[in-house]
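Here's the structure, in structure tokens; my notes come after.
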Amino acid sequence: MKYIKRINLLVEAKNRQTKQKLDRLGARDEDDYGCVVPPEDFKFELPIKDENGSFSGAYAWGKNFRHLMECHPVYVDPNDALAGRWMFMLSRMRQGYRLELSNFAFDYSHLKPNQHKYDITCGIGKDAHFAPDYRIGLELGWGGLLDKVKRSLESFAKDPIASELLEAEIDAIEGVQNWILRTAETAHAMASEKNEPELRENLEQIAKINKYLVNGVPETFREACQWIAWFNMASRTYNRDGAGGQLDELLRPYYERDKAKGMINDCDVEFYIACLLLNDPHYYQLGGPDRDGNDMTSPLSFIILEAASKLKVSCNLTIRVHKKMDKRLFRRGVEILLKDKLGYPRFSGDKALVEGFCKNGYSEGLARERIATGCNWMSLPGMEYTLNDVVKINIAKVFEVAFYENMKSMATLKNLQELFARHFEIAIETVAEGMDFHLEHQYLNEPELMLNLLSYGPIEKGLDMSHGGAKYYNMALDCAGLATVADSFAALEQRVEKEKILSWQEVEKHLSDDFSGRGGERVRRMLAASEKYGQGNSLGDNWARWLNKIFVEKVALRTTPKGRKMIPGWFSWADSVRFGKNVGATPNGRKAAKPISHGANPCPGFRKDNALTAMSNAIASIQPGYGNSAPWQLELDIGSTQHPNAVDNIIALLQTHFDIGGTLVNINIVDAATIIRAHEKPEDYPYLIVRVTGFSAYFTSLSKDFRQLVVDRIIES
Amino acid sequence: MKGIITEIQRFSLHDGPGIRTTVFMKGCNMRCAWCHNPETIQIKPQLQFFPGKCIECGECIRICPNGVHAVLGNKRVLKRDLCVGCGKCASVCYSGALVLVGKEIDTKEVMKEIMEDIQYYHQSGGGITISGGEPLVQKFFSFEILKLCKEKGIHTAIETNVAMPWSDISFILPVTDLIMLDIKAMDDSVHKKWTGVSNSRILKNIKKLSEKEIPLIIRTPIIPGVNDSTEEIGRIAKYISSLSNVLYYELLPFNPLGAPKYESLDMKNVFEHSKITDKKLMKQLAQTARKFVKNVRMKV
């Protein structure tokens, strides 16, 4: 109760800031971030940029970041336990930046023809998308990190590449320290002008804590939260990194120590956590097994859940479901999910993830350390470079290429299948080459100055995480369009080959004119009414399993040309809209330019009853099984959440999904009527939060296309 | 063994405890005027027509051997009296405008679908429910499915009107873990008027069931102008209070979602203009019921 008023004021501020972002920046089809809009009169010039307005290399990144940190406006809210809000992303200040295609200072035009042909999102030049280990920073503090870098620099004095990187790291750290110090000074000045004793005391605490944290190692719970917040804000400012970590376990030692000393109570802890979650909705994991398989759930796991529930803003918490888990955490997580209807927490399935990762040759202990830190990401904190979620193949495009090539000769299903497999192979090879290219050049393009600091290896070796600094390289390759392609194969098998009510030429004709010709709509309906992936033992299910089989064979059982491991997953992020625009009509009855299927989900309307158990079975059956996820995007209708035994039913559904091989479940609970109204007049629903794919966002901040994606999924469910 | 069903619905949460699969039988021995599944009343397959889905391809006209389908002027016409239910038109209608509801199916095929979710039943304390229609109109078929489920360790339930000879009910009991049944009205004249049958045998059967050790869930659909009064619900609740083994008594609000089905079958819908029962009234009726029965639920 003590902090209710302050939490309400902080949430009001967050809501105002959300509106300000929408007004100033317009629709943004990505996560809700903790950033705020900078002051109107704030001006910033990059000190180092090339003739194209971009910049690359450690030196430029270090200097630009340092300058940005040193100029960064200070933000202190007297009601907040923690100081700071971030406002910019340096990575997007490069001229020509696009979300789907990063700036890259090196020519890879030799890969572009195939990348274009198969609509590959190559990931070359992409940043972050792997997890840091916050323990490194919490144990050293900024001062200790600086010392570590300086010591390493001395040992690499004769290595120009390492020296450039390490000097840039020094720029980054000193820039962050500058920002923290100015914030502390501002808080101190604000304290002297504050009349209310509670808020004055709070500001003085903020000033003291942050002055200390410029160099000091966090010792108290609040200091640890503030340290994490600073790293998060700096890392977001650098390149949007939002990976997060195993939050309950990171903070447990501070919690236990401070409580034992009588310095804090659970009410204080909940408030500090609420402030951390408000600071930015990083992806945090709760519960789960330690290296030995023992459950890590602690009282803090529950406090974090309760803090999120009190805030009711966008949040990204994942509960790890495993054999020895504290079932109360599972239950409380589902209760909050159903009560608040904000799309969190979501749930990951340890059994399949751990078993899968071990198939790459890793130990069970190491596999258990891997955590879910992004939309669909899995990452060993501080150890693994992955490029999660940024490398994708649009297999609907691959199918399209194969289909029309099939039509040039004696079109048969067998021929189409072989052609698809062949083109898929080429697409994967193109991706693999691109990954090697990225790994060879990215450190010269955009080093991971922030994430390097909280990783094991880069500072010690003088090598960027992308270029030999990491312990493990497991490059994530996701494919999108599973259901679209599986259902297309199934429709051809059923209507053309088995029933013979359509010829190949008729299908080609109708696809080419987007079903607009004479009889086109009937043919479209006929194809759309064919057996689908998700129905259970259908032709579509068989094709989906075949697609998964060849995907796994071509990815998990090989390496890139330079020997890097690749791990397959099924995930489209929200690219199902963008990918769909690049693909014509498909034989599953989909019209040209419409979104392709989402992630691992069956297409909407796959069964008359849309049974969630059928969906769960289908998605569990196509898990690639090498440690990365193929998430289930679960839209729960309001009716099923209002049942007296809703919590038990949902727990049973999720537990079974994980028992049979599921890896991750992203959940929305919004009723169709609300989402339709919100789509028509988003301004009337400024605080409606939805889980778009793995990320959560304010509905009103999404573009019309993205809102439509969510609406269609919810209505069809 | 074969039987006629309308559909198999997986992930049912409202037809018994836990996560269930519900098998809807075709055919019913009652004629409840408010039935929200009118397509389950007659046992033989029937043609449904949803004109809003028609894309006017004309294939149904071409294929029908009996001239059921036609276009007169600009109007799409369906001569239902000529229809023999062969399903040829529905088989070529991909828009879903024409649907033959009711298909013959073997117990093996039913079990194949049921078994898909066995892990969810075990995890949630769920199972399978035979509903309809009236399951005991096809008692041998229902029995066989329930028996096969019991052999697999699956919890079984039926939703029945118990308006049949006791011998039919007792026949199914060895393979049934839970019975869900309705009491629509205590007033027999009201019951006969709106359902076509007397409630006398129903009430006797319920009494006998309560003397067996089989759990019962008793429901009353609240129907406007029929039983939506505290007096009627009070009488029903008082009767229930004399029974044993009742897990709970549930009040169900009137369900208007059956209206499109009546139109699709060209059936008269007496409750065409009725709306879902007002929440305030539901609460009032539940309060009345709680005077007699401890465990009363109200579906929202």
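Residue numbers (the working numbering), protein chains in the order written: chain A, 584 to 1300; chain B, 10 to 309. Every residue, glycine too, gets a C-beta built ideally from N, C-alpha and C. Everything numeric in this text was worked out from a predicted model, so none of it was measured.
| Query | Result |
| --- | --- |
| Counting along the chain, where does the beta strand (DSSP E) carrying Trp1153/A start and finish? | 1148 to 1153 |
| When you compare the stretch 880 to 894 of chain A with the stretch 848 to 855 of chain A, are there three or more beta-carbon pairs, one atom per stretch, that lie closer than 8 Å? | yes |
| If we count the other Cβ atoms within 10 Å of its Cβ and call it buried at 16 or more, is Ser198/B buried or exposed? | exposed |
| What's the gap between the Cα of Ala246/B and the Cα of His131/B? | 33 Å |
| Whose Cβ in chain A lies nearer than 8 Å to the Cβ of Cys66/B? | Gly1102, Glu1104, Arg1105 |
| Just to check my reading of the structure: Ala166/B and Leu187/B have Cβ atoms closer than 8 Å, yes? What is that Cβ distance to the nearest angstrom? | 4 Å |
| Consider the Cβ of Gln600/A: report whether some Cβ of chain B lies at a distance smaller than 8 Å. | no |
| With DSSP as the reference, please indicate the residues paired to Arg85/B in a beta bridge. | Val80/B |
| With 16 as the cutoff for other CB atoms within 10 Å, does Trp868/A come out buried or exposed? | According to the sequence as given, residue 868/A is Gln; it is not Trp. Under this definition Gln868/A is a buried residue. |
| Between the C-alpha atoms of Trp1215/A and Gln296/B, what's the straight-line distance to the nearest angstrom? | 41 Å |
| Apart from the five residues just before and just after Asp1242/A, which ones in its own chain have a Cβ nearer than 6 Å to its Cβ? | none |
| Which runs of the alpha helix (DSSP H) spanning at least 4 residues fall entirely within the stretch 609 to 661 of chain A, listed in chain order? | 641 to 654 |
| Would Lys303/B and Gly142/B be called neighbours here (beta carbons separated by less than 8 Å)? | no |
| What residues from the stretch 1165 to 1181 of chain A come within 7 Å of chain B, judged by C-beta to C-beta, listed N to C? | none |
| Are the C-beta atoms of Ser104/B and some chain A residue less than 8 Å apart? | yes |
| Quick check: what's the CA-CA separation for Asn583/A versus Lys626/A? | Given that chain A is displayed from residue 584 to residue 1300, the structure contains no residue 583/A and the question cannot be resolved. |
| Is there contact here, the stretch 62 to 73 of chain B with the stretch 28 to 48 of chain B, by at least three beta-carbon pairs under 8 Å? | no |
| Under 7 Å between beta-carbons, which chain B residues line up against Asn959/A? List them in chain order, please. | Per Cβ cutoff of 7 Å: no residues; Asn959/A is ~24 Å from chain B at best. |
| Going by DSSP, what residues sit across from Gln931/A in a beta bridge? | Note on residue identity: the sequence assigns Ser, not Gln, to residue 931/A. According to DSSP, which records beta bridges pairwise, Ser931/A is partnered with Arg903/A, Leu1247/A. |
| Which complete alpha helix (DSSP H) runs does the stretch 794 to 861 of chain A hold, if anything under 4 residues is left out? | 804 to 822, 830 to 843 |
| Taking a Cβ distance cut-off of 9 Å, strictly less, list which residues of the stretch 892 to 926 of chain A are near chain B, in chain order. | none |
| Please list the partners that Met1109/A has in chain B, where partner means a Cβ-to-Cβ separation under 7 Å. | Tyr103 |
| Taking the beta carbon of Val974/A as the centre, do at least 16 other beta carbons fall within 10 Å, making it buried, or is it exposed? | buried |
| Here's the rule I'm using: 16 or more other beta-carbon atoms within 10 Å means buried, otherwise exposed. How should Asp275/B be labelled? | exposed |
| Locate the beta strand (DSSP E) running through Asp1061/A, then write down its first and last residues. | 1055 to 1063 |
| So that I know if they touch, is there some Cβ in chain B lying closer than 8 Å to that of Ser1223/A? | yes |
| In chain B, which residues lie less than 7 Å from Thr1142/A when you measure between Cβ atoms? | What Thr1142/A touches in chain B: nothing, since even the nearest Cβ is about 36 Å away. |
| Unbroken alpha helix (DSSP H) runs of length 4 or more, entirely within the stretch 164 to 192 of chain B: which are they? | 175 to 181 |
| In the DSSP assignment, the alpha helix (DSSP H) including Val1230/A goes from what residue to what residue? | 1229 to 1242 |
| With a cut-off of 8 Å, does the C-beta of Gln868/A fall near any C-beta of chain B? | no |
| Would Leu936/A pass as a contact of Gly870/A if the rule is Cβ separation under 8 Å? | no |
| Can you name the residues of chain A whose CB is closer than 7 Å to the CB of Ile28/B? | Thr1196, Asn1232, Ala1235, Leu1236 |
| According to the neighbour-count rule (16 or more other Cβ atoms, all chains shown, within 10 Å of its Cβ), is Asp875/A buried or exposed? | exposed |
| Spatial neighbours of Pro1187/A within its chain, please: CB distance less than 6 Å, with the 5 preceding and 5 following residues excluded, ordered by chain position. | Glu1299 |
| In chain E, which residues lie less than 9 Å from Glu16/B when you measure between Cβ atoms? | Of the chains in the structure shown, none is chain E; the protein chains are A and B. |
| Does any C-beta atom of chain B lie closer than 8 Å to the C-beta of Thr1246/A? | no |
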